[in-house]
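As you go down the protein sequences, you meet chains H and P in turn.
This note's numbering puts the first sequence at residues 194 to 311.
This note's numbering puts the second sequence at residues 18 to 416.
Read the structure below first, then the notes.
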Amino acid sequence: MRPKAALVPVAVLVIVFPLGYTLVRSVLPRGAEAAQPFLDKPQTESARCVLGADTNDVRFHHMDYLKQIRDQAVREGKRGKVGLNTCRECHTSRERFCNQCHNAVNLQLDCFRCHYYP
Amino acid sequence: MSDVCRITPDSDFLRGVLAEGGEDLKKCFQCATCSVVCDLARDTAPFPRKEMIWAQWGLKDRLVADPDVWLCHQCNDCSTRCPRGARPGDVMAAIRRETVLHYAVPRFLGRWANQPKYVPLLLGIPALLLGLVLLMGAAIPGNYPASLGHGTKIVFSYWNRLPQWVLMGFFGLFTLLALAAGIAGVVRFWRAMKAADARAGNTAVAKGLGPSIVAALRRILTHDDFGVCTAERRRWVSHFCVFYGFAALFAVSVWVMTARYNPLIPDDFVYPFSFWSPWRMLANLGGVLLTAGCLLMIWDRLREREHPVAGRFSDWALLATLLAVVLSGFLSEMLHYLRMEPHREIVYFIHLVLVFALLIYLPYSKLAHLAYRAAAMVYAEHTGRTRRTPPMHESDGHS
């Protein structure tokens, strides 16, 4: 075996590693956390989110809507009823709702430095 | 005298070979040094001497049905030792380009993908198509739905205007078309090789198709054939980097595209990956490898002053496209982290156009070698055209 030929199994292993990692993780027992749904269900009777009727739309565009609301409030002085506080009324736990996705992508937000959201 | 063989040269073919790197072809006086020094050639009916005379005579029919043309890895051991400077290695590359053109389906795409004057058109088509997809989304109130039939899995798109399902449909359709064209070309190539061997009376089968595929795959993965090259050892390194970098990026792409339907992913949140996710790390590593390999290849081409390669369009086109794909990918990743809003989307659009060009023109560009060379290597294993052992440079140490 030429010395450089040793690189081949290394390259193949590196490429297969993420697949193996995912496989192993999907097989391993996942503890108490797995029993819970990924996102907490809203703690309310109302079926409609204050940001919009379409869950999918809110899921993918909530950041745009929140920024829009922020801009209206601080730049135009128009304070509506909807804001992070109204989010809190249904989605009571930041840890079990907002942070689930934000942590998954290492997203660092500065919203909650000022806004109280337990 | 037995039979009289009337030769009908294909002058278009000959012109193509002479124009694209084979300009020294006619210097060859058939001394066969090239065939002797080639470590990839087998002992019976070696190459590239016979290909040199076929090319001089314009015998296109023989060359496009010749697996040996593709067994050559252009290490240029032959070119550096050629007493006449006929550069057989470069001639073989020019013949391979003509072969790709010959089997191209549809033929006009083969012609377009190999001429510099068509570059604006070749990039304009994907830009236009992708632009149309964007416009169609803009025509729908509130744009495309972010997600369709997604089940419980959450997949964010890089750009809201191009949700994952739109990209999957768009790229999926055109990839299937390119795949069909590629398969059509390779099947015709395979049939031509078989027919040529049947005419010559070589119907011997050394290995079944299954074992032949395994053996060829092993040679490809280990870069075994590059390993016997002595003139340009660095090509092993650069091709290794490009090959595995490309493989890594391909693996991650397939994973991301199918993530929504993948039962192996336990989490509901699928994409984007965090920076330290093994998939993103693999993609970044693959990108670095691909960049390094491309830069090495470019460096090697620029270094070669005696035989300028400026004229070889298909070679440079593939290198430039690969490098542009990976650099635009890295740039859009960087702009994404910097949260530069219109910029990251513009670069992403350019990146998608380049990826599209790489995929759709695969059966016609130099990248077609991954199908044709693989087919030729399987065929070689199948018919027992394995290279001489041990390699010449290890047994007699010529330098």
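For every residue, glycine included, the Cβ atom is placed at its ideal position computed from N, Cα and C.
Tell me whether residue i is buried or exposed, calling it buried when 16 or more other Cβ atoms sit within 10 Å of its Cβ.
| i | result |
| --- | --- |
| P:Asn93 | buried |
| P:Phe263 | buried |
| P:Ala155 | exposed |
| P:Asn131 | buried |
| P:Phe257 | buried |
| P:Arg66 | buried |
| P:Phe206 | buried |
| H:Asp264 | exposed |
| P:Met351 | exposed |
| H:Val209 | exposed |
| P:Ala212 | exposed |
Nearest chain H C-beta to residue i closer than 9 Å, yes or no?
| i | result |
| --- | --- |
| P:Ala327 | Unreliable positioning characterises P:Ala327 in this predicted model, as indicated by a pLDDT of 49, which lies under 50. The coordinate reading is nonetheless provided below. So, not an interface residue. |
| P:Gly244 | yes |
| P:Asp285 | yes |
| P:Asn301 | no |
| P:Met210 | no |
| P:Trp176 | no |
| P:Pro105 | no |
| P:Met409 | Note that P:Met409 scores a pLDDT of 49, beneath 50, so its modelled location is shaky; the value from the coordinates is reported in the next line. With 9 Å as the cut-off, P:Met409 does not count as an interface residue toward chain H. |
| P:Thr239 | yes |
| P:Ile70 | no |
Which same chain residues end up closer than 6 Å to residue i when comparing Cβ atoms and leaving out the 5 residues on each side of it in sequence?
| i | result |
| --- | --- |
| H:Val298 | none |
| P:Leu348 | Val364 |
| H:Ala198 | none |
So, does the CB of residue i fall closer than 9 Å to a CB anywhere in chain P?
| i | result |
| --- | --- |
| H:Cys294 | yes |
| H:Pro211 | yes |
| H:Lys234 | no |
| H:Lys197 | yes |
| H:Ala297 | yes |
| H:Leu216 | yes |
| H:Glu305 | A small correction: the amino acid at residue 305 of chain H is Phe; Glu does not occupy that position in the sequence shown. Taking Cβ atoms only, chain P never reaches closer than 9 Å to H:Phe305, which makes this a no. |
| H:Phe253 | yes |
| H:Ser219 | yes |
| H:Pro230 | yes |
| H:Val338 | Residue 338 of chain H is absent from the model: chain H starts at 194 and stops at 311. |
| H:Leu200 | yes |
Within its chain, find whatever has a CB closer than 7 Å to the CB of residue i; leave out the 5 residues flanking it on each side and keep chain order.
| i | result |
| --- | --- |
| H:Pro235 | Cys283, His284 |
| H:Ala204 | none |
| P:Arg329 | Glu37, Gly38 |
| P:Ala374 | Leu139, Leu140, Pro143, Thr338 |
| P:Val122 | Ala198, Ala201, Gly202 |
Kindly list the residues whose CB is nearer than 8 Å to the CB of residue i, restricted to its own chain and excluding five residues on each side of it in sequence; keep chain order.
| i | result |
| --- | --- |
| P:Ser291 | Arg297 |
| P:Ala9 | For chain P, the structure presents residues 18 to 416; residue 9 of chain P sits outside this window and is missing. |
| P:Leu313 | Arg251, Val254, Ser255, Cys258 |
| P:His360 | Leu352 |
| H:Cys242 | Pro235, Thr248, Val251, Cys283 |
Shorter than 9 Å from the beta carbon of residue i to some beta carbon of chain C?
| i | result |
| --- | --- |
| H:Asp264 | Going by chain labels, chain C is absent from the structure shown, which instead holds the protein chains H and P. |
Given 8 Å as the limit, is there contact between the region 234-252 of chain P and the region 87-107 of chain P, that is, 3 or more CB pairs closer than that? yes
May I have a chain-ordered list of the alpha helix (DSSP H) segments no shorter than 4 residues that lie completely inside the region 310-356 of chain P? 330-354
With three or more beta-carbon pairs closer than 8 Å as the criterion, would you say the region 131-144 of chain P touches the region 46-55 of chain P? no
How do the region 193-202 of chain P and the region 53-72 of chain P stand: do at least 3 beta-carbon pairs fall below 8 Å, yes or no? no
With contact counted as at least three CB pairs below 8 Å, one residue from each stretch, are the region 75-89 of chain P and the region 386-398 of chain P in contact? yes
Whole alpha helix (DSSP H) runs in the region 133-193 of chain P with 4 or more residues, listed along the chain? 136-156
With three or more beta-carbon pairs closer than 8 Å as the criterion, would you say the region 110-121 of chain P touches the region 222-237 of chain P? no
May I have a chain-ordered list of the alpha helix (DSSP H) segments no shorter than 4 residues that lie completely inside the region 240-293 of chain P? 241-244, 251-275
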